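Structure record follows, encoded as structure tokens.
Residue numbers (my numbering), protein chains in the order written: chain A, 211 to 646; chain B, 211 to 646.
Right under this line is the structure:
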């Protein structure tokens, strides 16, 4: 299919071209995240961008894989899928070296993922999703650390504590609520779980109506919908209805919330409506919410998934992880004015006046050897034009080189931000440029 | 298709799993390349991993796209291709902002690329290929800078100058040789060009035989194959047969080689057999060869391609670029013993003795605040096991925390490399760990 001229330069729908200023922003965001997670002892890994499709289907049917994945057949007739999330790949990698790895494993990655979606605010077809996982810790200390990191990442970006909330729930508690406390069958419980997961995107009457629709007349008559709603609207663990408070999962939740409060994560709270979409979560789940009134929604989250590594044919490994989409994060940082002005790495532009390209090489090499990032303007344009370009690129310093400068070995260094200019030696130029 | 248990944990054929030690190596290689190219004023960009297929077919038919690309139809019935090289995408990006960009543009990227190949040494289906391009310089200064960077990258890895050679040719010169000097038709010239490109992979008699086979009887009788072989075996520009020496492209080559020699790139040389596979090259082309006797082959290369941006419907932009595969580079560095021992970023492991996880949190937080990368062993195993794990992970220091340490605020810091141990304060621990 031949496209029109004007369309030729457009990238594939739902993707972004990262021009240097965009890439700089992404690199900055990732470097903040790297700094935070490395403080907690995490090491970076990566997995291939394409996997055999069964890596994604092993964990059972999944809406994202069946409806949104880029799945196709390769030239050797094998079904392959571009990763839609990192969790199955990292679980495969851990399973492959189950015996030889030294636990606890603390791993992070910065993968790009692909989902065939209708592009909209916060959602694109290609996005990056920093993943942070701890393998080998069955106790609540693992959940604590991952949630602490979920918080430390936003703290690393200098987010104000009242600009986000961390909402925490327990899948085990919800199983107890749905199966024991309300008395639903496994199939009903599953349907209700999915409904709860969508609650934030529905109006309250809609949700109540759907809840009633899923339950049978007996359940409706004995007040099950109201009983469930009462649980879902509980604000604190201690306010849970009587019988529930004695479940071990509730004790765990209480302990976790106390640990977080003690560690200064004062905006972590219990929220029985938090389910998380993926089926593989087995216990604690959490979501980090943007608290701005205009954009109150879940930004990212994670939880415990103790069964996934085991699906690859080895003994299971208890795991807790989080995943954080770059588009949502960038929107949050932008809305909260947390993105600093980011500058080009290039520190010095050299403008050449006259036929001095060859003669200037020694100076250029010397500056680079001393550690200066130097861009030479070799366009032979008028000096004014060369300066204009350097300013447009945001390069802080400019050095003009002509015959006279090469003869005397004295140069005029211009600070393009202040327009100050002073004549100095090469040594002085190096120290001035590197000191800023 | 359900795979056997033992196959479950294997990644897709021709791909690599990057465990932390592998990722560390890749990050180190890329950081060396980033440092070098940023010294030359280059800025990082990125493009989507999937492109509309026409981005790759716009430049005409191409063996890689038609036979080796991952091309498929998305859920919206659009033909898409996973990038096989970066050049078409970056050309599209420049074309999209042709008017507003400030030239010369110096851009680099670190993309992963995909080609459906039979995996072998130096070739995988997923590989990374740092790309470095300068846009907007029509003169030889652009070619000079890119070849200088091709050299500076290996110098950045501390490669010895005699371990590689940079072989340079001119497509314009070869056009003159094939069309004017030998008198071939355009079609014949094209076939011969492809044959020359494969010369390094053939035996000499094979090559001579194929050369004869392409030419017609008249050409064979008037000695055309011998004339061409004489050109191809020329070692220095000044030894080219008489008439060729006056071509402007020869003057350019001479100028370029002199500039490189003056800049200290003493292993750059003329080689009329260098063609480069891609059709889009228009003038100077070059390849960097591994000079080890066991593995003498082209590692990477580049050249001038002045027409590609213009194919996207805008005024053309003169461009020179290079691309460098990570697998080939890693093999070269390994063979030449240029890979240093790379360590984990984690600086300190904290072993907990007894039920002190909660109590130790203040110490852990304090250390992280001071900038130390701390991994807490929360496995509750015996101290010996915890130390064993820390050693296996290559963490340099270990701190043991038990009730006694928390009470006295004095800690034993163990250097896991020397096994030395000393009792000290937290301040002392921070300064010791950060100083190494």
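Just so it is clear, CB atoms sit at the ideal spot from N, CA and C, and this is done for glycine as well. Please read all numbers here as calculations on a predicted model, not as lab measurements.
- The beta-bridge partner set that DSSP reports for residue 330 of chain A consists of A:333.
- Residues of the segment 324–337 of chain A with a C-beta atom less than 9 Å from some C-beta of chain B are 324, 326, 335, 336, listed in chain order.
- What residue 339 of chain B touches in chain A, judged by beta-carbon distance under 8 Å, is nothing: the nearest beta carbon there is about 14 Å away.
- Residue 377 of chain B places its beta carbon 7 Å or farther from that of residue 495 of chain B.
- The Cβ of residue 262 of chain B sits closer than 7 Å to at least one Cβ of chain A.
- The C-alpha of residue 337 of chain B lies about 7 Å from the C-alpha of residue 324 of chain B.
- In the same chain as residue 407 of chain B, and ignoring 5 residues on each side of it, the C-beta atoms closer than 8 Å to its own belong to 485, 486, 487, in chain order.
- Closest option to residue 437 of chain A, judged by alpha-carbon separation, among A:388, A:463, A:396, A:516: A:388.
- Interface criterion not met: the Cβ of residue 527 of chain A is under 7 Å from no Cβ in chain B.
- Here the segment 324–334 of chain B does not lie against the segment 302–314 of chain B, with fewer than 3 beta-carbon pairs under 8 Å apart.
- Between residue 470 of chain B and residue 447 of chain B, the gap from beta carbon to beta carbon reaches 7 Å or more.
- Contact annotation for residue 368 of chain B against chain A: no contact, minimum CB-CB distance about 14 Å [criterion: below 8 Å].
- Three or more pairs of CB atoms, one per stretch, sit closer than 8 Å, so the segment 548–556 of chain B contacts the segment 230–247 of chain B.
- At a C-beta separation below 8 Å, residue 230 of chain A has these neighbours in chain B: 253, 254, 255, 317.
- For residue 507 of chain B, DSSP records a beta bridge to B:500.
- Bounds of the beta strand (DSSP E) holding residue 261 of chain A are 260–262.
- With respect to the 7 Å criterion, residue 263 of chain A and residue 289 of chain A are classified as neighbours on the basis of their beta carbons.
- Considering only beta carbons, the part of the segment 344–377 of chain A lying closer than 8 Å to chain B consists of 346, 347, 349, 351, 352, 355, in chain order.
- Annotation: residue 342 of chain B has no Cβ neighbours in chain A at a cutoff of 7 Å; minimum Cβ distance is about 13 Å.
- Here residue 279 of chain B is buried. Its C-beta has 16 or more other C-beta atoms within 10 Å.
- Around the C-beta of residue 426 of chain B, fewer than 16 other C-beta atoms lie within 10 Å, and the residue is accordingly described as exposed.
- Apart from sequence neighbours up to five positions away, the residues of its chain that approach residue 410 of chain B with a beta-carbon distance below 8 Å are 483, 507, 508, ordered along the chain.
- Neighbours of residue 554 of chain B in chain A, taken as residues at a C-beta separation under 7 Å, are given in chain order as 253.
- The straight-line gap separating the alpha-carbon atoms of residue 473 of chain B and residue 368 of chain B is approximately 17 Å.
- In its chain, beyond the 5 residues on either side, 222, 223, 224, 225, 324, 325, 326, 327, 329 have a beta carbon closer than 8 Å to the beta carbon of residue 335 of chain B.
- Residue-level contact check: residue 282 of chain B touches chain A, since one or more beta carbons of chain A fall below 7 Å from its beta carbon.
- Residue pairing by DSSP puts residue 479 of chain A in a beta bridge opposite A:377.
- In this structure, residue 318 of chain A and residue 340 of chain A form a Cβ contact; the two beta carbons are roughly 7 Å apart against a cut-off of 8 Å.
- Ranked by how close their Cα comes to the Cα of residue 272 of chain B, the residues B:639, B:489, B:499 have B:489 in first place.
- In terms of CA proximity to residue 498 of chain B, B:357 leads the group B:357, B:269, B:626, B:413.
- Residue-level contact by beta carbon fails for residue 397 of chain A and chain B, as no gap is shorter than 7 Å.
- If you draw a straight line from the Cα of residue 281 of chain A to the Cα of residue 283 of chain B, it comes to about 10 Å.
- Taking 7 Å as the cut-off, the beta carbon of residue 516 of chain B is found closer than this to the beta carbon of residue 526 of chain B.
- The segment 591–610 of chain B makes contact with the segment 557–573 of chain B: 3 or more CB pairs, one atom from each, lie closer than 8 Å.
- Judged by beta-carbon spacing, residue 531 of chain A lies within the 7 Å limit of residue 512 of chain A, meaning their Cβ atoms are closer than that value.
- Contact of residue 322 of chain A with chain B by beta-carbon distance below 8 Å involves 259.
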